[in-house]
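Asks: In this note's numbering, the protein residues as written are 5 to 117.
First the structure, then my questions, so here it is.
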Amino acid sequence: MKINSISPEFDKKDLLHAIGATFGGVLRSEINENSCWLRVNLDVQRPLRRGIFVSTNAVSKVWVPFKYENLPIFCFGCGRLGHGLSNCTQLTPERISKISENPPYSLALKAES
């Protein structure tokens with residue numbers, strides 16, 4: 005998982021620890037000047053996570069989007085791995101039709117190699 009453009013007010017190690025804890029722990033991490041990489045255990049039965057809100061102070065939160073490396077096929081409707089939107093069994097055909105123009109998940113989740 006890649007996390008880009010981290011605001012300077014965050015301690016990157018603390019941020020990685022907090023994000024990793026929500027996934028069940030970090031297997032490996034790497035910190036660069038502008039981005040961080042995490043290797044985490046993904047529960048493939050659950051939808052991909054698009055990001056997390058992180059508190060910058062007592063009243064303000066910032067959205068930190070996630071990017072996944074080596075991401076296989078996934079559904080733009082339900083966010084689960086292993087199938088596409090046209091084969092989704094998690095959503096009703098009516099729901100698929102409704103969200104097909106503007107699905108909640110997209111290729112934006114894929115990290116550039």
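Idealized CB from N, CA, C, for every residue including glycine.
Bear in mind the structure is a predicted one, so any value in this text is a computation, not a measurement.
(1) Measuring CB to CB, does residue 108 end up less than 9 Å from residue 78?
(2) Residue ranges of each alpha helix (DSSP H) run of no fewer than 4 residues wholly in the stretch 15-78, ordered along the chain?
(3) In terms of DSSP beta bridges, what is residue 100 paired with?
(4) Examine the Cβ distances between the stretch 53-72 and the stretch 84-91 and report whether three or more of them are shorter than 8 Å.
(5) Expressed to the nearest angstrom, what Euclidean distance is found between the alpha-carbon atoms of residue 39 and residue 111?
(6) Could you check whether residue 47 and residue 3 sit closer than 9 Å to each other, using their CB atoms as the reference points?
Replies: Considering the structure as presented:
(1) Translated into positions along the sequence shown, residue 108 becomes position 104. Translated into positions along the sequence shown, residue 78 becomes position 74. No, Cβ-Cβ distance for residue 108 and residue 78 is not below 9 Å.
(2) 16-27
(3) Position 96 of the sequence shown, counted from the first residue, corresponds to residue 100. For residue 100, which the question treats as bridged, DSSP gives no partner whatsoever.
(4) no
(5) By 1-based counting over the sequence shown, the position of residue 39 is 35. By 1-based counting over the sequence shown, the position of residue 111 is 107. Answer to the nearest angstrom: the Cα atoms are 19 Å apart.
(6) Shown here, the chain extends from 5 to 117; a query on residue 3 therefore has no answer.
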